[in-house]
Ligand SMILES: [Zn+2]
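This is how it looks when you write it as structure tokens:
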């Protein structure tokens, strides 16, 4: 099976190559160690979205890895799901 950006991202996470340095509502900064040992800088900004210092076009595996562990929305993939109310049983 071809290893796409999402699968690589999961591998980066399981191999502990992702270091999140900073997260707040104004931005995200993280470092990801790529396959050839290079350190990539992944950023998120509420206006520009995700960016990475690697030459890949679009959201690369580094970006996917960071995006999967920080709760910021790129406007397309993150949805709010209501928490199911499973606590207690209310009387009729
Ligand atoms: Zn990258």
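Numbering (this note's numbering), first residue to last: 706 to 797.
Where a beta carbon is used, it is the ideal one built from N, C-alpha and C, also for glycine.
As the structure is a computational prediction, the values presented were derived from the model and not from experiment.
So what does residue i bridge to, in DSSP terms?
{"i": "residue 761", "result": "BP columns for residue 761 are empty, so no partner."}
{"i": "residue 756", "result": "748"}
{"i": "residue 738", "result": "744"}
{"i": "residue 727", "result": "734"}
Do you know whose CA, among the options, lies nearest residue i's CA?
{"i": "residue 766", "options": "751, 745 and 726", "result": "745"}
{"i": "residue 711", "options": "775, 758 and 768", "result": "768"}
{"i": "residue 774", "options": "725, 709, 713 and 720", "result": "725"}
{"i": "residue 738", "options": "732, 758 and 728", "result": "758"}
{"i": "residue 756", "options": "728, 733, 742 and 743", "result": "733"}
{"i": "residue 751", "options": "719, 736, 742 and 776", "result": "776"}
If you draw a straight line from the alpha carbon of residue i to that of residue j, how long is it in whole angstroms?
{"i": "residue 707", "j": "residue 749", "result": "27 Å"}
{"i": "residue 798", "j": "residue 761", "result": "The requested residue 798 is not part of the displayed model; the chain covers only 706 to 797."}
{"i": "residue 715", "j": "residue 770", "result": "6 Å"}
{"i": "residue 735", "j": "residue 741", "result": "18 Å"}
{"i": "residue 729", "j": "residue 772", "result": "13 Å"}
{"i": "residue 727", "j": "residue 720", "result": "20 Å"}
On the CB-based measure, 16 or more other CB atoms within 10 Å of its CB, does residue i come out buried or exposed?
{"i": "residue 722", "result": "buried"}
{"i": "residue 764", "result": "buried"}
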